[in-house]
Amino acid sequence: MQALLRRGASLFGSTPSGSPKESGGFDEFRKAPSHDLLFPKVDPAVDGEECLHDCASCTVKYPARFDVDYEDELYGHVNGWATHLLVATGKTDWVRDVADEKGSLMEAIEKGGLVPSNGNLKLSASNMPVPDEYHHHEPGEQPTNVLILPAFTVVEQVTPALAPDLIKYFVSRAPTTTTPLGSIPEPLTETEGEEQQQQPAPVDISSLTPLRSRPCGHAAVILLCSQRTRDARCGQSAPLLRREFERHLRALELYRDLDDERPGGVGIYFISHVGGHKYSANVIVYRRRDFEWYRKEKPGQDAQGKTTGEADEGAAQGIWLARVRPEDCENIVKYTVLQGKVVKPGLQLRGGFDRERGKISW
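In full-length UniProt numbering, the protein residues as written are 1 to 362.
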């Protein structure tokens, strides 16, 4: 078991096969024209013959009438996104359009027309637990927490009234899916007057908003669409996949439940509709390239513009898979979560980004 744990940590911290060892080895992000060019693919010569075989110990099965489209070409048909916002709701299912959840943060963002300045925002409700204060306020005033990806930043106690601050000071300032690794956003500056524009001074965000952020300790997150109100297959598949992912992550001591914030592990969250339900199950993996990033001291700035001991680069990759079945979970953990490789790109890869190699699918 100890050998397996050491191997898991080593694989998680490794650079994906075929990628440069240092970031910044490209001039601009390039669209990968085919499914075999976006992420490294498993290679039996390197990864062993087991990478070609589904889990032999899996006893979890989908219902007999779980119909999935295997005819369509999956790759390259998802809309690109710059940031992904997961809103904690404590629920696993929602009204058909989450923006119609009365008094919710999703409603405030979508129907308030709030748009980040750094590109398209993917907005998802999630089953992340809400803070205790949520239950002591009326709908429309309830504070909740959000997770910004790929930044791996948690912003706490966000009420619908503070949605504009969330977008302006945190989402718009966050690294995006096309921010090269090692690139730190410029600090906010005062813009009143020509002299100040010529010699900008950093602004302490804590003086502008009551919202506060902190790093998310996970080394990766696995997102599973669970919205039964959009498609019954999602309500069926998500709990079954979570059970299998949890089983394989526990063997590596990497599983983190909803209340476990120890750094370096893997969280599993249910999220709302992402599209393409006829290709169920949809699974999105965000993963850091360095398993032990939190142990390293690097100068940087936090979301309040203050100097910190470490610049958190966030997720290196976002890997969107579909047609995922329980027997796929073992290899997704071993090769995708831990190493950033794809096992069945032709069958399962819908798209994603690689900030280390400068590649996107859109």
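Heads up, the beta-carbon is just placed ideally off N, CA and C, and yes, glycines get one too.
Quantities reported herein were computed from a predicted structural model and do not represent experimental measurements.
By the C-beta criterion, the region 118–127 is judged to be in contact with the region 89–96, since at least 3 inter-stretch pairs fall below 8 Å.
Within the same chain, Cβ atoms closer than 6 Å to the Cβ of D231 are found at H277, the five residues on either side in sequence being excluded.
With respect to L85, L37 sits apart: the two C-beta atoms are not nearer than 9 Å. Inclusion of C225 and I268 in the CB contact set at 9 Å is not warranted, their separation being larger than that value. Contact annotation, K341 with P40: C-beta distance approximately 5 Å; criterion of less than 8 Å satisfied.
Cα atoms of A64 and P215: separation of roughly 42 Å, rounded to the nearest angstrom. Nearest C-alpha to C58 among R243, E292, Q317, V343: R243. Residue state for C51 is assigned as helix, using DSSP reduced to three classes. Within 10 angstroms of the beta-carbon of L105 lie 16 or more other beta-carbons, which makes it buried. Short of 7 Å from the beta carbon of F245, and not among the five residues preceding or following it, lie these beta carbons of its own chain, in chain order: I222, I268, C329, V333. D47 sits buried, since 16 or more C-beta atoms from the chains shown fall within 10 Å of its C-beta. The beta-carbon separation of Y255 and L208, rounded to 38 Å, does not stay under the 8 Å limit for a contact. When rounded, the separation of the alpha-carbon atoms in K344 and G318 is 16 Å. Every unbroken stretch of the alpha helix (DSSP H) spanning 4 or more residues and falling wholly within the region 75–128 is given here in chain order: 105–110. E141: not part of any alpha helix (DSSP H); DSSP gives it neither H nor E. P215 sits in a strand when the DSSP states are folded into three classes.
DSSP places C225 inside the beta strand (DSSP E), whose first and last residues are 220–225.
A distance below 9 Å separates the beta carbons of Q348 and A322. Excluding five sequence positions before and after L249, the CB atoms of its chain that fall closer than 7 Å to its own CB belong to Y255, V266, V333, given in chain order. Counting only residues of its own chain and dropping the five nearest sequence neighbours on each side, K102 has a CB closer than 7 Å to the CB of P139. Shortest Cα-Cα distance from P175 to any of L74, E156, P116 involves P116. A distance below 6 Å between beta-carbons, with the five flanking residues on each side excluded, links G119 to the following residues of its chain, in chain order: A82, T176.
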